[in-house]
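In what follows, a single structure is set out as C-alpha cells and then discussed.
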Amino acid sequence: MTAASRQFRALLLKDLRLELRTRQTAIAMVLFAVVAMMAFQFGFGFRVDDTTPLAGGILWATLALTAVLGVGRSFVPEREQRVLDGLLLAPVSRNLLLVARAASVFVYLVVVEVITVPLVTVFFVQDPAATDFALIAVVCVAANFGISILGSLLAAMAVFSRARELLLPVLFLPALLPVIIASAGATHAVLGVSNDMPEYQGYVLFLLVYAVIFALVAYATYDHVFDD
Amino acid sequence: MTETGPGRSIALWGTLTAVLSTAAIVGAFLVAPEDADQGIIQRIFYFHVAIAITSMVAFAVAFVAGVLYLRKRERRFDEIGVVSIGLGVLFSALTVLTGSIWAKASWGIWWQWSDPRLVTYAIVVLLYVSYFMLRSSVDGERQARYSAIFSVVAFASVPLSFYAVRVAQSFIHPVVFTQSGANMPNTMLVWFVVSQVAMLCLFITLLKLELLQRRVDQALGELKLRLEASRPV
C-alpha cells in the first residue's frame, strides 16, 4: 500500500468514524430528503393523476438540495474543532484532502439514495419494474462523482467565508443544475412503462463528462484554496 | 500628468464605440433587409446575439484573468476578473431581456422553458451573481484567490449548462450560425458584424473605464491615509 493510499484511507475512515459516532450528517440528510419529497407532493403532486413523469424531477431536486446540506455539514467538525488546521499541518497532499472529502460525501449520498430511491418509486411511480432500480443506481453513481467533487471544492471555500451556511447553496446549486437536468432526464427515461435507452445512456455519459471536467478543475485549483 | 495615457485610450475606445453603435443602429433599422418571415422584430437579432456573444467574451476574459491570478498573484488580474464578470452579468441579463422580448413577439410568450439558450443564460446569470456573494463574504488576498477559483468553476459550467438544457428540450430557437456558416444573406451579416464589433468595443471601453476608476479610488484612499498620517496631532 502506497503512502498516498494509506493517507486516503486514514482521512476517509476519520470522516466515517466520526459520522458513525455522532450520526449527525447522514440521518439529517435522510430526514431532510423525506421531508423535501413530501413538500414536492404537497406542492404539486395532488394536481396530477399520475406522478410517474414527475418522479425523476422530484428525486433529483430532492437529492441536489440534500447534497448541498450534506456537503456543508461535512465541513462543520473541520471548522468547529480546528481539524482542518491539523490536516493542513500534516504532510498530506492537498488534492488528497479533496479526494478523501469527496469520497466521504459520496458515501453519505449513497446512504441517502439507498433510502430515497425506493421511497420515490413507492410514492410517485405506478408499476415500478425491478430493473428500474439497477438503472437508477447507475445514474446515482455517475451523478455522485460530480456532486461530491464540485461540492467538496466549493464547501472548502465557503467554510472560510462569513456567510458560509448561506453561501454554499448559492454557489453550489446553479453549478449543480446540469446534474439535476441530466439525472432527472436519465431517471425519467427508464422509469415507468417505456425505456428510452439511447436517451438514458446519453445522460449518463453527460454526468460522467461533468464529473471529469470538475475533477480537472478541482485538481487545478484546490491547492490554491488553502494557500494561506 | 500620469493619467493622460489611460484617459486618452478610454476616449479613443469611447469614440470608436459611439461611431460603431450609431452605424449598427442605422444599419440594423434602416439599411438591412427586413426578414420575410418575422418582419421588424427580427431586427432585435442584431443586438440580442451581439450582446450574448459579448457576455461570453466577458466571462472568458474573467476565466483567463482568474487563471493568471492563480499563477502570478498580481492584483490587476483580480481587478480585470471582477470588472469583466460584472459586465458579463450585465450583458447576460440584457440577453435574457432581449431574448424574452423576441420570444413574446415571435412565439407569443415572454418565457419559453424549452428554449435552451434563454434558459442557459438564466442559469449563467444565477451562477455569476453568486460570484459577488462569494466576494462580499471573504476579505483580503483570499477574496481575490477565491474569486479567481470561482471564475474558473463558473466558466467550466457554462458549456455544461448549455448542453444539458439543449439535450433536455426540443429545439425551437432559430439557429442562425451553423457549422456550415451563417444562415443569412450577406447584407444582414455585414450589419450583424458591425453590431458585434460595436458591442465588443463597448465592453472594452467599460472595462477600461471601471479599471481606471478602481485605480483612482485606490490612489485616493492611499493619499487620504498619507495625509492623515502627516497631520500634526
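Heads up: the sequence lines are chains A and B, in that order. Just so we're aligned: the first sequence equals residues 1 to 228 in the numbering used here. Just so we're aligned: the second sequence equals residues 1001 to 1233 in the numbering used here. Backbone N, C-alpha and C fix where the C-beta goes; we use that ideal spot for every residue, glycine too. The model shown is predicted, which means the values in this text are computed figures rather than measured ones.
Asked: Close beta carbons around A:Ala61, own chain, < 8 Å, minus the five adjacent residues each side; Found: Ala36, Phe40, Ile180, Ala184
Asked: Straight-line Cα distance separating B:Ala1093 from B:Gly1014; Found: 22 Å
Asked: Cβ neighbour criterion (16 or more within 10 Å) applied to B:Trp1113; Found: exposed
Asked: C-alpha distance - B:Ser1157 paired with B:Thr1017, whole-angstrom precision; Found: 31 Å
Asked: Secondary structure of A:Asp196, DSSP reduced to three states; Found: coil
Asked: Run of the alpha helix (DSSP H) containing B:Thr968, from where it starts to where it stops; Found: With chain B represented from 1001 up to 1233, any question about residue 968 of chain B goes unanswered, as that position is not in the structure.
Asked: Residues near A:Val120 by beta carbon distance below 7 Å, same chain, minus five either side; Found: Met37, Ala55, Ile58, Leu59
Asked: Rounded C-alpha distance that separates A:Gln201 from A:Ala186; Found: 8 Å
Asked: Buried or exposed (CB count within 10 angstroms, at least 16 for buried), B:Ile1041; Found: exposed
Asked: Under 7 Å by beta carbon: chain A residues contacting B:Leu1126; Found: Pro174
Asked: The region 149-167 of chain A: positions lying closer than 9 Å to chain E by Cβ; Found: Going by chain labels, chain E is absent from the structure shown, which instead holds the protein chains A and B.
Asked: Cβ of A:Thr121 within 7 Å of any chain B Cβ; Found: no
Asked: Residue nearest to B:Leu1118 in terms of C-alpha spacing, selected from B:Arg1043, B:Ala1036, B:Val1064, B:Phe1162; Found: B:Phe1162
Asked: Chain B contact for A:Ile115 (CB, 7 Å cutoff); Found: no
Asked: Distance CB(A:Pro169)-CB(A:Val68) smaller than 7 Å; Found: yes
Asked: Alpha carbon of A:Arg21 to alpha carbon of A:Val30, nearest angstrom; Found: 17 Å
Asked: Three-state secondary structure (DSSP) of A:Asp132; Found: helix
Asked: Opposing strand residues paired with B:Gly1039 [DSSP bridges]; Found: B:Asp1035
Asked: A:Arg101 versus B:Ala1154 - alpha carbon distance; Found: 21 Å
Asked: 7 Å Cβ cutoff, A:Thr221 in contact with chain B; Found: yes
Asked: Helix, strand or coil at A:Met29 [DSSP, three-state]; Found: helix
Asked: Chain A within 7 Å of B:Tyr1121, Cβ atoms only; Found: no
Asked: Contact with chain B by A:Ile229, beta-carbon distance below 7 Å; Found: Limits of chain A in this structure are 1 at one end and 228 at the other, which puts residue 229 of chain A out of reach.
Asked: Within 7 Å, strictly: CB atoms of B:Arg1142 and A:His224; Found: no
Asked: Residue range of the unbroken alpha helix (DSSP H) whose run includes B:Leu1220; Found: 1186-1230
Asked: Closer than 8 Å at the beta carbon, the chain A residues around B:Ala1060; Found: Correct list: empty, because the minimum Cβ distance to chain A is about 15 Å.
Asked: Three-state class that DSSP yields for A:Thr121 in the structure shown; Found: helix
Asked: Cβ contact (3+ pairs, closer than 8 Å) linking the region 147-160 of chain A and the region 211-220 of chain A; Found: yes
Asked: Nearest to A:Arg47 (by Cα), restricted to the options A:Ala4, A:Leu98, A:Ala28, A:Phe124; Found: A:Phe124
Asked: Collapsed DSSP secondary structure at A:Gly57 in the structure displayed; Found: helix
Asked: Contact list for B:Ala1103 against chain A, beta-carbon separation under 8 Å; Found: None at all; the shortest Cβ gap to chain A is about 20 Å.
Asked: Bounding residues of the alpha helix (DSSP H) (the contiguous stretch that carries B:Leu1068); Found: 1045-1072
Asked: Below-7 Å beta-carbon distance, A:Ala182 vs any chain B residue; Found: yes
Asked: Simplified DSSP assignment, three categories, for A:Gln201; Found: helix
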